[in-house]
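Per numbering that gives the first Met the number 0, the very first residue in the sequence shown carries number 0; after that it's consecutive.
Just so you know, even glycine gets a beta-carbon here, dropped at the ideal spot from N, CA and C.
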Amino acid sequence: MSSSWSLEVPNVNLEDNGSNWLTYKERLIWTLTHQGLERHLYGTAQKLEELLEVDGKWFNKEEPTKPLTRKEIKEHDTKIDIFVQQEATVREVIYQTISQYTFLRIYKEETSAKLWIKLISLF
């Protein structure tokens with residue numbers, strides 16, 4: 000994980016009437032692809048399952064008999080953090096390129112992929 004972070008946003012905002020939908024959609028997709036985030040947009044990026052705690056020891060749900068080391072726990076947590084940050088980045092790119100009106104119609108969706116599907120359904 001890098002400590003420096005910058006958000007790349009397409010240089011087009013979606014019009015409320017959708018008149019520039021094709022241009023907006025293509026620029027948004029290419030911007031997110033360039034940042035390695037398109038899998039979040041399409042819903043193919045998968046969040047790791049949470050770990051299972053038993054008697055103060057941590058386990059993967061797939062291997063509930065093998066306790067994880069501190070290093071494995073840290074690596075797992077880092078991967079979850081990266082996933083969550085990437086989800087937030089996709090949402091922020093979309094939010095910065097739509098109006099308040101459109102935002103209020105889509106923001107409650109659980110994932111960035113569901114948010115994108117909702118946005119597509121509007122236009």
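- Per DSSP, reduced to three states, the secondary structure at E52 is strand.
- Restricting attention to beta strand (DSSP E) runs no shorter than 3 residues, the stretch 39–99 encloses them at 51–53 and 56–58, ordered along the chain.
- Counting other Cβ atoms within 10 Å of its Cβ, T101 reaches 16 or more and is therefore classed as buried.
- Restricting attention to L40, L31 and I119, the CA atom closest to the CA of E7 is found in L31.
- Straight-line measurement puts the Cα of K70 at about 29 Å from the Cα of G42.
- With 16 or more other Cβ atoms inside 10 Å of its own Cβ, S111 counts as buried.
- Inter-residue distance for R90 and I97 is about 11 Å (C-alpha atoms, whole angstroms).
- Note that the stretch 80–94 touches the stretch 34–48; at least 3 beta-carbon pairs, one per stretch, sit closer than 8 Å.
- Apart from sequence neighbours up to five positions away, the residues of its chain that approach I105 with a beta-carbon distance below 6 Å are L114, K117 and L118, ordered along the chain.
- Annotation: I72 to E109 spans about 26 Å, alpha carbon to alpha carbon.
- A distance below 8 Å separates the beta carbons of L47 and K78.
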